[in-house]
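Numbering (this note's numbering), first residue to last: -7 to 115. Worksheet: one structure, shown below.
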């Protein structure tokens, strides 16, 4: 297990220490919980508008499923000075690894990490 790097120069693969929280968010999305109700206090949406936007994007695209090993191989993060930007490739029933991604940010806090998730979209 390695910890996230504060590297402004390049992207890196997602560290293991974040994977459980990210997987939990994706599982919630597969259950149509785009508002992320009843999740850890350290997980939130970047804005309340995101739930409706993300639900519509997913419904237009396909049916989400849990992340596969291939998704982790294509997902990445990069330090932005105060937080890490994330891009998580998502899986669908129709395509396994799809063109859909989940954007997010991870903030370092004293007790670990705070996660803010944004858009689900096709870049």
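Glycine included, C-beta positions come from ideal geometry on N, C-alpha and C.
message: Here's the rule I'm using: 16 or more other beta-carbon atoms within 10 Å means buried, otherwise exposed. How should residue 40 be labelled?
response: exposed
task: Give the C-beta separation of residue 4 and residue -5 to the nearest angstrom, bearing in mind that I take them to be a contact with Cβ-Cβ under 8 angstroms.
output: Not quite, the Cβ-Cβ distance comes to about 11 angstroms (not below 8 angstroms), so this is no contact.
- prompt: Going straight from the alpha carbon of residue 86 to that of residue 36, what length do you get?
  reply: 28 angstroms
message: Can you find the residues in the same chain that come closer than 7 angstroms, C-beta to C-beta, to residue 77, ignoring five residues on each side of it along the sequence?
response: 69, 70 and 97
field: Buried or exposed (CB count within 10 angstroms, at least 16 for buried), residue 32
entry: exposed
Paired residues, beta bridge with residue 71 - DSSP: 76
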